[in-house]
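Undergrad:
Protein chains: 2
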Amino acid sequence: MKDVADHLGVSRQLVSLVLRDLPGASEETRRRVRAAAEELGYHPDDSARVLRGHRSRRLGVLFTMREPFEVDLVEELFAGAAERGYALVLGPLSAARSQRTVLAELLGQRIEGLLVLAAEGGSATIDDLPGIPLVQLGGPRALETADDVRVDDTAGIDLLVEHLAGLGHRAITHVSGGDGPNARERRLAYEAAMERRGLALDVVPAAFTEDAGARAAQDLLARKRLPSAILAANDRCAAGVLGTLVRAGVRVPADVSVAGFDDSSIARLPYTQMTTVRHDPARLAGAALDAIVRRIDDPDATTVRHLEPPLLIVRASTGPALAR
Amino acid sequence: MKDVADHLGVSRQLVSLVLRDLPGASEETRRRVRAAAEELGYHPDDSARVLRGHRSRRLGVLFTMREPFEVDLVEELFAGAAERGYALVLGPLSAARSQRTVLAELLGQRIEGLLVLAAEGGSATIDDLPGIPLVQLGGPRALETADDVRVDDTAGIDLLVEHLAGLGHRAITHVSGGDGPNARERRLAYEAAMERRGLALDVVPAAFTEDAGARAAQDLLARKRLPSAILAANDRCAAGVLGTLVRAGVRVPADVSVAGFDDSSIARLPYTQMTTVRHDPARLAGAALDAIVRRIDDPDATTVRHLEPPLLIVRASTGPALAR
DNA sequence: CTGAAAGCGCTTACAG
DNA sequence: CTGAAAGCGCTTACAG
């Protein structure tokens, strides 16, 4: 910073002012300072800024890079955090990097709040968080006291059952998410929606992965008769079901309709064209950021529970039921 | 740190010593210090450490979270960097975050070296890097002077053509990666391998995505006659080809064999079972880290060019050619 | 706008 | 092992 200041013959705090967009410098001076910083390849040292300022203006994000929908959310969080004057510190979880390890790294970075997306990570050990605010974005609702932003699972499943029943389907099987996050809510919503219509329940336990969907489809293929429609716990699972059925010579949707949940990129592929339910990652990210900023500003604010309404997306993987 | 020291009645630098695993404290003392740090929920401030030390021991990574193989590499980089005493600072690229923006963030974190994975990002503007070492890990070879670690594309394509020709295939179509990174190398390798065997070339330009593979498959389906085998530029593209063919009623591999490149998770799905070529992400990550650490320690070291040999993985998407 | 000063939480070096 | 000191690159507050 001194180099930039000396280069222009101005003071260091003038440079500091300009680069932080604070008032106290003319337009002309700002332009010159910015040009000089650019020319000298100067980048302010984040460590020094954080160390000196009483606030880091950093938010930590616990998530899984392998989950496409979590990556969608993180992209939106980047944009939303910047708008609100915060930087994001990524804490990607994996088999080799436990929640504990990643959390220690984030705390070493002096984050002011934590966004927990990590569906699989579970928030089990998160209670030893040293008093910084935490917002759960989807995933298991581990902390009753934390702010919480998530999709309305029940409404989403209702939309899908309504859609399938409207197409004349009565034998609708749910390939569930097993023990996964939100799996229970979705299964219960399926059961309630079916019972409300007087339709028989059929649940095949699986998980939120293509592999689990493929295994469930094999189980269904081994039966005397396939269901008329299959409602999978999420898109990845639905893709496993669909891929396996198609390779076994079953026509989708002529023989069986298949629907997913999430509207992730996998649902939009030309050979998938999956009917599903969309929840807008930008809206979810915005709600989560609003919640955490609010909590940082006022630790005693009342707890937020945001339920995002889903939207039905009808594509080519569902069609009218066969009369039989 | 002072709190921890006072809690035990020891000095601050004793605590500092122990937490950095330096010599100068007894085992018993180390145990007590660690226990007290744990109890008080103390996490050393990374900003202070970096600011004070003359080295950050941080490495930046430019990559794309949506590319499964890049995520595989990043996971391995985390482990490898820790072994070598470095921390990773992630710089995920996306439509909303340009290379310039992300690079500025990484430089603000005082990274000592940069690993560029970002296949799509291109290293176009990277020449304005202020003198920190850069290693390219796959992707376009933008900087002739930089260390470079990548898969041996030519050897990989050779293995696949050899495999298909050995199964009796003669009409082998290459669905290419178009303008994508490494696409040209792979296409040239295909052409050379085919010509060496006296086989006719057939290249359908596409890209490294499922969508592009699906479009290419539609083009092939519109022809009077399908090729006997299809060699796609990568697994994602091959999955698009395979998914589209299967939905059109083509049997794989009975009617057409399909092969990919990368051995990403998509190739291992039960309804894909793709023959492909594997390059070990752990080995690639290790080579890239060795290169960057070497370059940090000795900026004048000779340029590294690491070509990782690939391994043929035969699965169920390829089979004997039909006699016709 | 400038100039001089303090201080964030550490690490480093040194005398004891 | 302790104690006292310096300093990393900034931000903040203040008198001019």
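First to last, the sequence lines map onto chains P and D. With my numbering as the guide, the letters of the first sequence map in order to residues 816 to 1139. With my numbering as the guide, the letters of the second sequence map in order to residues 816 to 1139. Every residue, glycine too, gets a C-beta built ideally from N, C-alpha and C.
For the 8 Å Cβ check, are there 3 or more pairs between the segment 1089-1098 of chain D and the segment 845-864 of chain D?
TA: Between the segment 1089-1098 of chain D and the segment 845-864 of chain D, the count of C-beta pairs closer than 8 Å stays below three; the two stretches do not touch.
Undergrad: Quick one: what's got a C-beta closer than 7 Å to methionine 880/D's C-beta in the same chain, skipping five residues either side?
TA: Val886 and Pro907
Undergrad: Write down every uninterrupted run of the alpha helix (DSSP H) in the segment 1050-1095 of chain P whose length is 4 residues or greater and which is fully enclosed by it, in chain order.
TA: The qualifying runs are 1050-1062.
Undergrad: Check for me: the alpha helix (DSSP H) holding arginine 851/D runs from which residue to which?
TA: Reading off the sequence shown, one finds alanine at residue 851/D, where the question assumed arginine. The continuous alpha helix (DSSP H) containing alanine 851/D extends over residues 842-855.
Undergrad: Would you mind reading off the limits of the alpha helix (DSSP H) that contains aspartate 818/D?
TA: From DSSP, the alpha helix (DSSP H) with aspartate 818/D extends over 817-823.
Undergrad: Spatial neighbours of serine 1006/P within its chain, please: C-beta separation below 7 Å, excluding the five flanking residues on both sides.
TA: First, the residue type needs correcting, since residue 1006/P is glutamate and not serine in the sequence shown. Hits under 7 Å: Leu1016.
Undergrad: Among Val876/P, His984/P, Asp963/P and Leu1036/P, which one has its Cα closest to the Cα of proline 1135/P?
TA: His984/P
Undergrad: Let me check understanding here. Comparing Cα to Cα, which of Ala1116/D, Ala1053/D and Arg1109/D lies closest to threonine 1091/D?
TA: Ala1053/D
Undergrad: Quick check on glycine 839/P: buried or exposed, where buried means 16 or more other Cβ atoms within 10 Å of its Cβ?
TA: exposed
Undergrad: Determine, using beta carbons only, whether alanine 1029/P comes closer than 8 Å to chain D.
TA: It does: the Cβ of alanine 1029/P has a partner Cβ on chain D nearer than 8 Å.
Undergrad: Let me know the secondary structure DSSP gives isoleucine 972/P once reduced to three states.
TA: helix
Undergrad: Touch check for the segment 839-848 of chain D and the segment 1036-1043 of chain P: three-plus C-beta pairs under 8 Å?
TA: Between the segment 839-848 of chain D and the segment 1036-1043 of chain P, the count of Cβ pairs shorter than 8 Å is below three; the stretches do not touch.
Undergrad: Could you have a look at alanine 911/D and say whether DSSP puts it in helix, strand or coil?
TA: The answer is coil: DSSP assigns alanine 911/D none of H, G, I, E or B.
Undergrad: Quick check: valine 1061/D and valine 1061/P, are their CB atoms within less than 8 Å of each other?
TA: yes
Undergrad: Who are the Cβ neighbours of valine 917/D in its own chain at under 8 Å, not counting the five residues just before and after it?
TA: Leu877, Gly906, Pro907 and Leu908
Undergrad: Residues of chain P with CB closer than 7 Å to the CB of glutamate 1025/D, please, in chain order.
TA: For glutamate 1025/D, the neighbours in chain P by C-beta distance under 7 Å run, in chain order, Leu1084.
Undergrad: Report the three-state DSSP secondary structure of alanine 897/P (helix, strand or coil).
TA: helix
Undergrad: Applying a beta-carbon distance threshold of less than 9 Å, which residues of chain D neighbour glycine 1058/P?
TA: Those within 9 Å of glycine 1058/P in chain D are Gly1058, Val1061, Leu1084, Pro1085, Tyr1086 and Thr1087.
Undergrad: What span of residues does the alpha helix (DSSP H) with glycine 1028/P cover, start to end?
TA: 1025-1036
Undergrad: Along chain D, which residues have their Cβ under 9 Å away from the Cβ of proline 859/P?
TA: Under the 9 Å cutoff, chain D gives Gly923.
Undergrad: Is the CB of arginine 1165/P under 8 Å away from at least one CB in chain D?
TA: This structure does not reach residue 1165/P, given that chain P is present from 816 up to 1139, and the question cannot be answered.
Undergrad: Any beta carbon of chain D sitting closer than 8 Å to that of alanine 919/P?
TA: yes
Undergrad: Just to make sure I have the definition right: I need the residues of chain D whose C-beta is within less than 8 Å of the C-beta of leucine 905/P. Which are they?
TA: Leu905 and Pro907
Undergrad: Answer with buried or exposed for proline 1124/D, where buried requires no fewer than 16 other C-beta atoms within 10 angstroms of its C-beta.
TA: exposed
Undergrad: Touch check for the segment 820-828 of chain D and the segment 987-996 of chain P: three-plus C-beta pairs under 8 Å?
TA: no
Undergrad: Could you check if glutamine 924/D is buried or exposed, using at least 16 other CB atoms within 10 Å of its CB as the buried criterion?
TA: buried
Undergrad: Taking just the CA atoms, how far does alanine 1069/P sit from isoleucine 1081/P?
TA: Their backbone Cα atoms lie some 21 Å apart in a straight line.
Undergrad: Using three-state DSSP, classify threonine 988/P as helix, strand or coil.
TA: Looking at threonine 988/P - three-state DSSP - the assignment turns out to be strand.
Undergrad: Along the alpha helix (DSSP H) that carries alanine 863/D, what are the first and last residues, could you check?
TA: 861-867
Undergrad: As a quick exercise: from Ala1138/D, Leu866/D and Leu1127/D, pick the residue whose alpha carbon is nearest that of alanine 970/D.
TA: Considering only alpha carbons, the answer is Leu1127/D.
Undergrad: For a contact meaning CB atoms closer than 7 Å, what does valine 865/D contact in chain P?
TA: Ser862
Undergrad: May I have the straight-line CA-CA distance separating valine 825/D from arginine 849/D, to the nearest angstrom?
TA: Their backbone Cα atoms lie some 13 Å apart in a straight line.
Undergrad: Work out the CA separation of arginine 847/P and aspartate 836/P for me, nearest whole Å.
TA: 14 Å
Undergrad: What are the boundary residues of the alpha helix (DSSP H) that includes glutamine 828/P?
TA: 827-834
Undergrad: Can you find the residues in the same chain that come closer than 7 Å, C-beta to C-beta, to proline 1020/D, ignoring five residues on each side of it along the sequence?
TA: Ser991 and Gly993
Undergrad: By Cβ distance, which residues of its chain are closer than 7 Å to arginine 1012/D, with the 5 residues on each side in sequence left out?
TA: Counting only Cβ-Cβ distances below 7 Å, and skipping sequence neighbours, we find Ala980.
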